[in-house]
Structures are given as C-alpha cells and as structure tokens.
Amino acid sequence: KIDKERGFIGHYVVLVTYCAEDRTFQVSDPGVAADRRTIARDALDVARVAHGTDEDLLLIDVAQVVDEPAAESPASAVGGDGSGDGGGNG
13 KIDKERGFIG HYVVLVTYCA EDRTFQVSDP GVAADRRTIA RDALDVARVA HGTDEDLLLI
73 DVAQVVDEPA AESPASAVGG DGSGDGGGNG
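Add 12 to a position in the sequence shown, counting from 1, and you land on the number used in this note's numbering.
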C-alpha cells in the first residue's frame, strides 16, 4: 500500500489453499479489489525474496487452531490483569 504522505507502508497476502497438482496457491490480497487470485508457487517465491522484502512467512496450523480449545486467555497468561507482573496487582 502506498500512502501519499508516508510512502510505502507494507503489504501482505494470505495463502488460502495450495494445489499440489498445479503447483499454485490461491491467495487473498487485501491490497486489491478481487476476492482471491491464483498464483504459481514459483512466482510467489520470486516475489517473496525480491529486493526490498523481508521474506517473512507466518504459518498457522488451522486444523490445530480449530480442533484444540484455547489453553488460557492472553490476560491470564501475563498475570490475570494484563499487567505482566504475574501478581495481579496492576
């Protein structure tokens, strides 16, 4: 995304599905109007490692997220009150 005052402020795509037979990904790109696009695996890799990118990938095991209940809320993990001191004294 390019902001007229701040310049380039980042971009990402969400990989929705992968077709091993065609070696293509279906991607959701919030930077364009189309709902989803198909891109070849090799083309995606070229774009991911292009000069100026940070080559980040964030992987989420959707099956695990859907099948397993949450262990605890983020607030309880840092002390119950969100203070991070573990004592709950905010």
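Just so it is clear, CB atoms sit at the ideal spot from N, CA and C, and this is done for glycine as well.
Quantities reported herein were computed from a predicted structural model and do not represent experimental measurements.
Following the DSSP letters along the chain, one finds R60 inside the alpha helix (DSSP H) bounded by residues 53-60.
Counting along the chain, Y24 sits inside no beta strand (DSSP E), nor does DSSP assign it H or E at all. Looking from the CA of P42, the closest CA among H23, A55, T29, G64 belongs to H23. DSSP places V39 in the strand class (E or B) of the three-state scheme. Residues of the same chain with a CB within less than 7 Å of the CB of V39, apart from the 5 flanking positions on each side, are V25, V26, L27, V28, R48, R49, I51 in chain order.
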